[in-house]
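Student: Sharing a structure, written as structure tokens. Questions coming.
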Amino acid sequence: AGRRRRGQDQPLAVRRIVLYSGNVQGVGFRYRSVEIASQYPVVGYVKNLHDGRVELVAEGLPDVVDRYVADVEHAMGRYIEYSTTTDSTALNEFDSFFIAY
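Here is the structure:
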């Protein structure tokens with residue numbers, strides 16, 4: 009298998025920002041998000057916001073990010089009341105998935 013340059017036969021990576029509201033702090037949301045991320049080729053971070061929400065930023069191929077976010081929402085859904093999602097082009101500024109403070 010040869011190496012492919014970015015943009016050849018491959019969709020561009022996407023950056024997805026999801027803001028979760030509900031009982032999402034103090035329930036292992038960040039740790040579970042990182043644990044699930046280890047099963048996917050995604051990078052980014054998850055962090056608690058001062059207003060009680062959790063911010064998740066994931067970068068990767070669109071279908072991979074879709075599956076990752078769906079798994080997080082499946083695992084933590086009982087704590088999520090509402091979420092907003094913003095997609096843009098990946099900035100490629102991360103080399104892992106981590107908890108940000």
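So the number in the working numbering is just where the residue sits in the sequence shown, counting from 1, plus 8.
Ideal Cβ positions, reconstructed from N, Cα and C, are used throughout, including at glycine.
1) On a CA-only basis, which of Pro19, Tyr53, Val26 is nearest Ser104? Give me that one, please.
2) Val22 and Gly68 - do their beta-carbons sit closer together than 9 Å?
3) I need the DSSP call for Gly85, collapsed to helix, strand or coil.
4) Ignoring anything shorter than 4 residues, give me the alpha helix (DSSP H) runs that lie fully in the region 12-76, in order along the chain.
5) On the criterion of 16 or more Cβ atoms from any shown chain inside 10 Å, does Tyr28 qualify as buried, or is it exposed?
6) Within the same chain, show all residues whose beta-carbon is closer than 6 Å to that of Phe106, passing over the 5 residues directly before and after it, in chain order.
7) Starting from Phe106, trace the beta strand (DSSP E) in both directions and tell me its first and last residue.
8) Would you tell me roughly how many angstroms separate the C-alpha atoms of Val50 and Thr92, rounded to the nearest one?
9) If you draw a straight line from the alpha carbon of Gln124 to that of Lys55, how long is it in whole angstroms?
10) Taking only the alpha-carbon atoms, compute the straight-line gap between Ser96 and Arg24 and give it to the nearest angstrom.
Tutor: Working from what's here:
1) Tyr53
2) Taking 9 Å as the Cβ cut-off, Gly68 and Val22 qualify as a contacting pair.
3) helix
4) 37-45
5) Buried: at least 16 other Cβ atoms inside 10 Å.
6) By the criterion of a C-beta distance shorter than 6 Å, Phe106 is surrounded in its chain by Tyr53, once the five residues flanking it on both sides are discounted.
7) For Phe106, the uninterrupted beta strand (DSSP E) segment begins and ends at 105-107.
8) 19 Å
9) Missing from the structure shown is residue 124; the chain here goes from 9 to 109 and no further.
10) 7 Å
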